[in-house]
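Below is one structure, written out as structure tokens; the observations come after it.
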Amino acid sequence: MLSDAKTRSIFIQGALVAFFVGFLALLLTTTFANLRARGIPIGFDFLKLPSRIVISEAILTYKTRDPYYWAIVTGVANTVFISALVIIFSSVLGLLVGITRLSSNPLAAGSCRVWVELARNTPPIVLLIFLYSLWWKILPPVGEALNPLPGVYASMRGLEVPGLSVDVGSTGLFVVALALATAVASWVAVRKGRLSPMAALAVLATVVACLWLGDIRFSVDLPVFQGSNFQGGVELTPELSTILIGLTIYTTGFVAEIVRGGVLSVGRGQWDAGHSLGLPRGKILRLIVIPQMLRVIVPPLNSQYINVVKNSTLAIAVGYPDFLAVMNTIISKSSHSIEGVFIILGVYLALNLTLTLSSAANWYNRRTAIVER
Numbered sequence: 001m002l003s004d005a006k007t008r009s010i011f012i013q014g015a016l017v018a019f020f021v022g023f024l025a026l027l028l029t030t031t032f033a034n035l036r037a038r039g040i041p042i043g044f045d046f047l048k049l050p051s052r053i054v055i056s057e058a059i060l061t062y063k064t065r066d067p068y069y070w071a072i073v074t075g076v077a078n079t080v081f082i083s084a085l086v087i088i089f090s091s092v093l094g095l096l097v098g099i100t101r102l103s104s105n106p107l108a109a110g111s112c113r114v115w116v117e118l119a120r121n122t123p124p125i126v127l128l129i130f131l132y133s134l135w136w137k138i139l140p141p142v143g144e145a146l147n148p149l150p151g152v153y154a155s156m157r158g159l160e161v162p163g164l165s166v167d168v169g170s171t172g173l174f175v176v177a178l179a180l181a182t183a184v185a186s187w188v189a190v191r192k193g194r195l196s197p198m199a200a201l202a203v204l205a206t207v208v209a210c211l212w213l214g215d216i217r218f219s220v221d222l223p224v225f226q227g228s229n230f231q232g233g234v235e236l237t238p239e240l241s242t243i244l245i246g247l248t249i250y251t252t253g254f255v256a257e258i259v260r261g262g263v264l265s266v267g268r269g270q271w272d273a274g275h276s277l278g279l280p281r282g283k284i285l286r287l288i289v290i291p292q293m294l295r296v297i298v299p300p301l302n303s304q305y306i307n308v309v310k311n312s313t314l315a316i317a318v319g320y321p322d323f324l325a326v327m328n329t330i331i332s333k334s335s336h337s338i339e340g341v342f343i344i345l346g347v348y349l350a351l352n353l354t355l356t357l358s359s360a361a362n363w364y365n366r367r368t369a370i371v372e373r
């Protein structure tokens, strides 16, 4: 029976899985027995107790009397917020920097190369500490804030940026109709193997109709200096600004190299074919090169997005209360270190499977992969 290669492979893999499962069960059983023998309680019931810990900066509403589980949710929200922003900004900047590196303009190409080499050869923790130290030395007080861009102010207190104000009327109608339109479009995409233009247009029309019927209005809220502080807009603290700018600079260098490699992977003949059709360089890049480049860059891009989530743990170095910083405080205050470690492992695993859209990236990679005969 074991002479068959396939059967032998299944047997060996099953034996390895059984060994690791048994080893893990033995480890957990021994650990729990030793804890009980020493009178140390174990379990997750402590999550319902009041946390009484301070989270200096929170995306969600948090108070010290809230339970431990809400403190964990608040920390996760902070991590998701900063990771999502870094992923978005580094993707856009990485695309621009990677393409500019191939420019015939030596100044533009050289500047982008300096950015890439600086990012790839500098440890992120060093970059974050440098930026955080520099922040307090070169930026003026809030009354003399710099105005590098319209509606953007930088001072020792942080960044003041425009915010989006939403006036919501019939929210329920909007949510239900949008969910229905998305479900219909997804069903059409699954049936046809792709999202047809008509289905995309139907989703867009439904969203616009919901915004109108639901009386939902958007407006830009600009920061204005009044008295001794800014009013309106969104304030980004120095800690949040440092982790956002630092990780964006760092990740952009890697994304740019991935994009550059993807462009170079497309054969020269594709460019020549575009020129023979009379297409300008920009259209050749947008219509011919980039669609083929995506097949190559999606897997390494997904790995970089996972690294963004992991690198967000460096926020503790500049005092930003991300999930890991909150969990360290919870573990030291509640003395439930084993449960805390399991929560940390589970949350980061879930974040890397969802926030980085690894499943969607793998699906896209399978859909666009060239099938060999």
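Taken in order, the sequence shown gives residues 1 to 373; the numbers are from the UniProt record's numbering. Beta carbons: idealized from backbone N, C-alpha and C, even for Gly.
Asked: Residue 50 bridges to which residues according to DSSP?; Found: 67
Asked: Can you tell me where the beta strand (DSSP E) with residue 236 in it begins and where it stops?; Found: 234 to 236
Asked: What residue ranges within the segment 255 to 326 form continuous alpha helix (DSSP H) runs of no fewer than 4 residues, ordered along the chain?; Found: 268 to 276, 281 to 284, 290 to 311
Asked: Looking only at its chain, what residues have a beta carbon closer than 8 Å to the beta carbon of residue 232, apart from the 5 residues adjacent to it on each side?; Found: 163, 221, 222, 223, 224
Asked: Would you grab the beta carbon distance between residue 240 and residue 57 for me? Rounded to a whole angstrom, and I think it's under 8 Å.; Found: 7 Å
Asked: Are the CB atoms of residue 127 and residue 250 nearer to each other than 8 Å?; Found: yes
Asked: Which value, in whole angstroms, describes the spacing of the CA atoms of residue 329 and residue 50?; Found: 14 Å
Asked: Beta carbon of residue 125, beta carbon of residue 317: below 8 Å?; Found: yes
Asked: Using a 10 Å radius around the Cβ and a threshold of 16 neighbouring Cβ atoms, would you call residue 32 buried or exposed?; Found: exposed
Asked: Pick helix, strand or coil for residue 221, following the three-state DSSP scheme.; Found: strand
Asked: Suppose the cutoff is 6 Å on Cβ atoms and the five residues either side in sequence are ignored; what does the same chain contact list for residue 109 look like?; Found: 101, 103
Asked: Would residue 61 pass as a contact of residue 52 if the rule is Cβ separation under 8 Å?; Found: no
Asked: Using three-state DSSP, classify residue 160 as helix, strand or coil.; Found: strand
Asked: Where does residue 44 sit, in a helix, a strand or coil, going by DSSP?; Found: coil
Asked: Can you give the Cα-Cα distance for residue 271 and residue 151, rounded to whole angstroms?; Found: 41 Å
Asked: Quick check on DSSP: helix, strand or coil for residue 62?; Found: coil
Asked: Mark residue 134 as exposed unless 16 or more other C-beta atoms lie within 10 angstroms of its C-beta, in which case mark it buried.; Found: exposed
Asked: By Cβ distance below 8 Å, which residues in the same chain neighbour residue 76 in space, the five residues on each side in sequence not counted?; Found: 323, 347, 351
Asked: For residue 275, count the other beta carbons within 10 Å of its own beta carbon; 16 or more makes it buried, fewer makes it exposed. Which is it?; Found: exposed
Asked: What are the residues that DSSP puts in a beta bridge with residue 231?; Found: 224
Asked: Check this for me: beta carbons of residue 86 and residue 255, under 8 Å apart or not?; Found: no
Asked: Is it the case that the segment 279 to 294 contacts the segment 140 to 157, given that we only count it when at least three CB pairs across the two stretches are under 8 Å?; Found: no
Asked: Under three-state DSSP, which class holds residue 109?; Found: helix
Asked: For residue 18, count the other beta carbons within 10 Å of its own beta carbon; 16 or more makes it buried, fewer makes it exposed. Which is it?; Found: exposed
Asked: Who does residue 104 pair with in a DSSP beta bridge?; Found: Note: residue 104 sits in no beta bridge, so no partner.
Asked: Let me confirm a value: residue 147 is counted as buried when at least 16 other C-beta atoms fall within 10 Å, else exposed. Which label applies?; Found: exposed
Asked: Closest to residue 143 by CA distance: which of 70, 159, 129, 47 is it?; Found: 159
Asked: From what residue to what residue does the beta strand (DSSP E) around residue 154 run?; Found: 152 to 155
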